[in-house]
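Just below is one structure, and these are the notes that go with it.
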Amino acid sequence: MNSHSSPPEDLERSAAYTRLPDHPPSPADHRRPFKGLAGIFVSMLLMSSLVALILNQDPRPRSNVNGDQRESTSPSMPVPESLMPPSRGVAQGVSEKAVREFSGSGPVFPWTNAMLAWQRTSYHFQPEKNWMNGPLHHMGWYHLFYQYNPDSAIWGNITWGHAVSRDLIHWLYLPIAMVPDHWFDLNGVWTGSATLLPDGQIIMLYTGDTDNAVQVQNLAYPANLSDPLLLDWVKYEQNPVIVPPPGIGLTYFRDPSTAWYAQDGTWRVAIGSKVNKTGIALVYQTTNFTSFELMDGVMHAVPGTGMWECIDFYPVSTNSTVGLNSSVIGPDVKHVLKASLDDDKKDFYALGTYDLSNNTWTPDDPEMDVGIGLRMDYGKFYASKTFYDPTKQRRILWGWIGETDNEGDDLLKGWACVQFPKFRKIPYHHNVWLFWFPTVKLIHHPLTMSVSLSFIDCIDVRLLKAIPRSIEFDMKTGTNVLQWPVEEVEELRLNATEYQGVELEPGSVVPLNITSATQLDIGATFEVDEAALEGTFEADVGYNCSTAGASVRGALGPFGLLVIADDSLSEFTAIYFYIAKDTDGSYTTFLCSDEIRSSNANDINKRIYGGSVPVLDGETLSMRLLVDHSIVESFAQGGRTVVTSRIYPTKAIYGAARAFLFNNATGANVTASVIAVNGTFPGPTLNVTTNYNVVVNVMNKLDEDLLITWPGVQMRRNSWEDGVLGTNCPIPAGWNWTYQFQVKDQIGSFFYFPSLNLQRAGGGFGSFIITNRDIIPLPFKTPDGDIVIIIGDWYIRSHKALRLALDAGNDLGMPDGVLINGKGPYQYNTTLVPDGIDYETINVDPGKTYRIRVHNVGVSTALNFRIQNHNLLLAETEGCYTMQQNYTSLDIYVGQSYSFLVTMDQNASSDYYIVASARFVNQSIWQNVTGVAILHYSNSQGKAAGPLPDPPNDVYDKSYAMNQAMSIRQNGSASGARPNPQGSFHYGSINITDTYILSSMPPVVINGTTRTTLNGISFVNPDTPIGLADQYKVQGAYKLDFPSAPLTGPPRIDRSVINATYKGFIEVVLQNNDTVVQSFHMNGYGFFVVGMAYGNWTESSRNSYDKWDAIIRSTTQVFPGAWTAVLVSLDNVGVWNLRTENLDRWYLGQETYMRIVNPQDDNTTALPAPGNALYCGALAYLQTPQKTPSSASTISGQHRLYLLLLVLFSAAISVLR
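As structure tokens, then:
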């Protein structure tokens, strides 16, 4: 892509380009008079090198039917020639920054080095220095080639820079890939695209600017395909392979697309050009990429749009979120045609149909054609290109964010331009995004907005990063694509901040206490009450962003956020929604970005960008902002409309940068509030009573499938409600489903959590308490109060980012901290714990005794729990009353729950520490993985201070923890859920019917992927749940061949299930040959933990079993290099999950199921499938569509360290006798 000044002759009528005599002839050019171009391009990889072309000084007006807002510019004046930077080579026709306007009327701003240094972004890709502009995937590496001037920060001497990344976030700079060193590219190696051939060859076609300033297409290829970094490239000796055809100007012929396979043995490539003022796409076909033929006609042309460059052409699925490689054609496919318009430096696209037979593309809506309809981005964004990522089956968009300052500033900075990759993604409607979304709700009489705000700090400023956007077809509107930052960006998140109860009067601005407002990931949703809209007869029918701005008030807007602002608001960038209402009752919503007050400097271009946003009936307005120093990217309605701004503040930089919430709608009152699981994080505590029926309605507002499981709740006769994939089809995004079960013959402390795909690592958990009936006495005096404490390790990365790490074969590494009731640590140490962290406080009265229920809901870390100066009298674990004994601290393993009786018997000279710290780790390295809360007496005389109470000092004594575990015994005389004592079931005298030795091993590679195993089998859940497969006689859904002992052969991935015997009494030996302590859980049952020891289990190990008062529980720990034995009576018919509770091991396959069938079942031992059962897999045809409530917008599963906000479901408990 490049821009040239027009030569004096009429190039559209010129003859075909002829090589100069001193240039060797090439057999590659089979030219004929220009006729046309073609349609779909295939490739898994492309390179989008983007030229630095910016806004034309005199853009031509053009009709626009999509609300494309013509940018408003502050009054401008010519910059004195003496202040302009050195020429960039006007002789080459380059006009990129020569056409840039400067707003304001003052002199050139006196920039300081500190100001200029701040402008360099932290997580958008930039070259190490100088000017940049442009991808493919090969052998595990993403490759980015970009136009690069090694000599200066302005345009000229264009070479191909090269960088690689494993994750699109962290980039490694490589040596220059190609330089202008041949006559066919002597004036520049310009934009090109990569095509991956079926035999693995990589073809790179690029535009070269010849020594005579003629644009030709050249071929290059890697010198060594076995090199994953592709360091060396070879230019084809007989370049160029394509030259301008007759009728096409010599400087209007550039930017070959990725090639697509035409199914007739040929490949096709599109190239942009123009005829007079008509933008066109030419198509060439080839069989060998050295000899090309121009196809008849043009693939598409649009009058009045001028020169088309950086053409992109690719298919999108209309019924799937999966990305498609460039060759796909079918009935459920549309093709996107995108062109970068050289005249006004904007990217337009349209959806349409490609006819392979006649090589033509037809837009779905001629009024929304290329150049007159939809924009890829309504802000500072140009020359975008996509490529297909085969590793994740997605299409990724890269675009160029140019400068709007002057070249003199670029020379001072030593760099210019930023690359921004985007990934096409299908309907992402986010109501609340975990951890970092503000949720704004509009209601009226007067207009009211309720706002929920959360922010993530993006960090690691030492690395320059690109943010790709995924691209998908919007299946809800059917008229546009969706663009969304790739999920890898979640790895950048740090602390989160949220706000609730913020009252905004009309015209008010509320500051948000953000620690680092220069790098943010912000989300907001705005819910407009029908009364507010209906109460307004007409509002701003002719509104557009560019003619108004954030300061112009209307009935229904603007409202939004001010970012990169200083305290006095002398500088800010406003991102906002504005709703216009016509007299016929219809609405048009706009997303706008107002830069007019973004900087006090006058020698930069400050505009108001924006465009209309499709909003469907019942949808909530939503936006996501990525703020990165001098860049603000705004995504509305899941990416239907995107606006990018480039700003140059002089005051709102470094620690002076702030963020604000504003409401400038007339007569509007705004109230901010947090959205979580029923308004809390962790989720609400569900209190029920033994034998009652429980009804929980789950509304899935995530953007992915969801199931809620209830570990330890035995679901007697009713595994249909167990909430794991082997028993339930998942609840789709936007759906609601109702769990209905009886808590039969159980008491105790349990918790619930989302069971799919590491979602528990993002939250969604809460306490589930079953209390005893009044007629059953407690084995202790009734406590004065009941307190729930939920502990767990926590990662800054979202559960999706954690999944990506595991999928890539990586370990999750050390957690970022430990949360106590969803909050971070009290500042017990000013070095280890920063100021401003919200911590948990437990309020108590002196002399009283409280029942404290503690759950470890973390990812994989065993935690030692202790309360400073207080004894923990253990009373119950997971539904079994224990022998009451005191502990100063107790190890609680992942998935376990305990009840302690704690008496407040201290003098309250100060508050006391509540501590949960990591076990079995190097404490000097894991100091930060410690949760600290405060126990506050009502008569406390001061804050807690001093060192934390010591954890167990058993680094070299591996028996300490095991002895503690075996000291926990059941209280055989206590009555549990029933009047008879717990110890009346004499398990020690029952004969064992079957023995299963389950061996867990460290992760292994199976079929090229990292997996974990039990007995050599890595489990994958069946497409059709096991119980449904049985009921409907679906063959082959699973296998009843799970081995009772470890396999001797190589490990395998399978759907093997334990074929257990009804009313059998089985022995399960959990042999941990892994290197980490693990927890194992069995759904549907409580088991007797009869023994554990280091070494390998043998039959003689039974001699050490506790056959009298072993604790009954559903989750037990297994130490590395050790075994744990449990006994269980199989009296609960159904399909029950047996798994590790360590989320990383579970996700990678360490689980199976026990299938227990009563051969004489008459529906007395097992209930039939519920009437609301969901169907999937082979039975998906039985599922009737669910009408999604209008309020059920989906949210993205994200995540934060100290304060988690996760909307998973609304829990309504109905308790019936």
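With UniProt numbering applied, the sequence shown covers 1 to 1217.
Positions of the beta carbon are idealized from the N, C-alpha and C atoms, including for glycine.
Nothing here was measured: the structure is a model prediction, and the numbers come from that model.
* Asked: From ILE596 to CYS545, what does the alpha carbon distance come to, in whole angstroms?
  -> Between ILE596 and CYS545, the C-alpha separation is close to 12 angstroms.
Check your understanding: Quick one: is ALA1192 buried, meaning 16 or more other Cβ sit within 10 Å of its Cβ, or exposed?
Key -> Annotation note: pLDDT 31 at ALA1192 (below 50); position unreliable, coordinate value reported separately. Burial state of ALA1192 is buried, judged by a 10 Å Cβ sphere holding 16 or more other Cβ atoms.
What is the residue span of the beta strand (DSSP E) that ALA1125 lies within? Taken as a continuous stretch (DSSP letters only), the beta strand (DSSP E) holding ALA1125 covers 1122-1129.
How about GLN1175 and TRP1136: do their beta carbons lie closer than 8 angstroms?
A small correction: the amino acid at residue 1175 is Tyr; Gln does not occupy that position in the sequence shown. Taking 8 angstroms as the Cβ cut-off, TYR1175 and TRP1136 do not qualify as a contacting pair.
| query | Would you report the Cα separation of residue 1231 and GLY560, rounded to the nearest angstrom? | reply | With the chain covering 1 to 1217 only, the question about residue 1231 has no answer from this structure.
(message) Residues in the same chain with beta-carbon distance under 7 angstroms from TYR252, minus the five sequence neighbours each way, listed in chain order, please.
(response) Only LEU11, SER273, LYS274 and MET307 meet the Cβ criterion.
- Message: Could you check whether ASN480 and LEU324 sit closer than 8 angstroms to each other, using their CB atoms as the reference points?
- Response: It is not a contact, given that the beta carbons lie outside the stated cut-off.
### Message
Just verifying my parser: in three-state terms, what is the DSSP assignment at ALA944?
### Response
ALA944 sits in coil when the DSSP states are folded into three classes, being neither helix nor strand.
CA-to-CA distance, PRO1120 to GLY1095, given in whole angstroms
Cα to Cα, GLY1095 sits roughly 9 angstroms from PRO1120.
Worksheet item: DSSP three-state call for ARG717: helix, strand or coil?
Response: The three-state reading of DSSP puts ARG717 in coil, since its state is none of H, G, I, E or B.
Checklist entry - Should PHE635 go down as buried or exposed, given a rule of 16 or more other Cβ atoms within 10 Å for buried? => result Under this definition PHE635 is a buried residue.
Can you tell me whether ALA1060 is buried or exposed? The criterion is at least 16 other CB atoms within 10 Å of its CB, across all chains shown. Classification of ALA1060: buried, given that the 10 Å Cβ count is 16 or more.
Go through its chain and collect everything with a Cβ distance to PRO1022's Cβ below 6 angstroms, but skip five positions before and after it. Residues ALA1037, TYR1038 and ARG1055 of the same chain have their beta carbon placed closer than 6 angstroms to that of PRO1022, with the five preceding and five following residues left out of the count.
Margin query: The alpha helix (DSSP H) that contains LYS800, what's its start and end?
Written below: Its alpha helix (DSSP H) spans residues 799-807.
>> Under DSSP, the beta strand (DSSP E) around ASP594 begins and ends at which residues?
In response: It spans 587-594 - the beta strand (DSSP E) in which ASP594 sits, taken as one unbroken run.
Rounded to whole angstroms, what is the Cα-Cα separation between TYR826 and ASP1131? TYR826 and ASP1131 have their alpha carbons spaced roughly 47 angstroms apart.
**Message:** Restricting to Cα atoms, I'd like to know which of LYS476, TYR987 and ARG773 is closest to ASP1109.
**Reply:** Taking ASP1109 as reference, the option from LYS476, TYR987 and ARG773 with the minimal CA-CA separation is TYR987.
message = Between VAL336 and TYR349, how many whole angstroms is the CB-CB distance? I'm expecting something under 8 angstroms.
response = Contact flag correct, Cβ pair sits at about 6 angstroms.
request  = Report the option in THR738, ASP722 and ARG1052 whose CA atom is closest to the CA atom of GLY1171.
outcome  = Closest option to GLY1171, Cα to Cα, is THR738.
Go to ASN113, then tell me how far its alpha helix (DSSP H) extends in each direction, as first and last residue.
Membership of ASN113 in the alpha helix (DSSP H) is indicated by the continuous run 113-119.
- [ ] Specify the secondary structure class of CYS545 as computed by DSSP and reduced to three states.
- [x] For CYS545, the secondary structure class from DSSP, reduced to helix, strand or coil, is helix.
Enclosing beta strand (DSSP E) for ILE934 [first to last residue]: Element bounds for ILE934: 930-937.
With the cut-off set at 8 angstroms, would you say TYR206 and VAL234 are in Cβ contact?
No, the Cβ-Cβ distance between TYR206 and VAL234 is not below 8 angstroms.
Kindly identify the DSSP beta-bridge partner or partners of GLY389.
The sequence as given places Asp at residue 389; Gly does not occur at that position. DSSP, once it has assigned bridges, lists ARG394 as partnering ASP389.
Rounded separation between SER508 and CYS592 - CA only: Cα-Cα distance, rounded: 19 angstroms.
DSSP state of ALA982, grouped into three classes?
-> The question names Ala, but residue 982 in the sequence shown is Gln. DSSP places GLN982 in helix when its eight states are reduced to three.
Between the stretch 700-713 and the stretch 990-1009, can you find at least three pairs of beta-carbon atoms closer than 8 angstroms? As far as the Cβ criterion goes, the stretch 990-1009 does not touch the stretch 700-713, which means the pair count is below three.
*Given THR1075, which residues of its chain have a CB within under 8 angstroms of its CB, disregarding the five upstream and five downstream residues?*
Same-chain partners within the cutoff: PRO1002 and PRO1120.
C-alpha gap between residue 1298 and ARG394, whole angstroms:
Within the shown structure, residues of the chain are numbered from 1 to 1217, placing residue 1298 beyond reach of any answer.
First and last residue of the alpha helix (DSSP H) that includes ASN963? ASN963: member of the alpha helix (DSSP H) spanning 959-966, first to last residue.
(request) Can you tell me which of ALA220, SER165, GLY402 and SER193 puts its alpha carbon nearest to the alpha carbon of HIS182? (result) HIS182 has its Cα closest to that of ALA220, out of ALA220, SER165, GLY402 and SER193.
Would you please state the rounded distance, in angstroms, between the beta carbons of TYR587 and ILE575? I believe it to be under 8 angstroms. That belief does not hold up - the Cβ atoms of TYR587 and ILE575 are roughly 20 angstroms apart, past 8 angstroms.
DSSP three-state label for GLU293, please. If DSSP states are grouped into helix, strand and coil, GLU293 belongs with the strands.
task = Report, in whole angstroms, the separation of the C-beta atoms of ILE242 and GLN217, which I expect to be a contact under 8 angstroms.
result = Taking a contact as a CB-CB distance under 8 angstroms, the pair ILE242 and GLN217 counts as one, their CB atoms being some 4 angstroms apart.
Where do the ends of the beta strand (DSSP E) carrying ALA659 lie?
ALA659: member of the beta strand (DSSP E) spanning 658-663, first to last residue.
Quiz prompt | Expected contact under 8 angstroms - CB spacing of GLY277 and GLY297 to nearest Å | solution = The sequence given here has Lys at residue 277, not Gly. Not really, about 19 angstroms apart at Cβ, beyond 8 angstroms.
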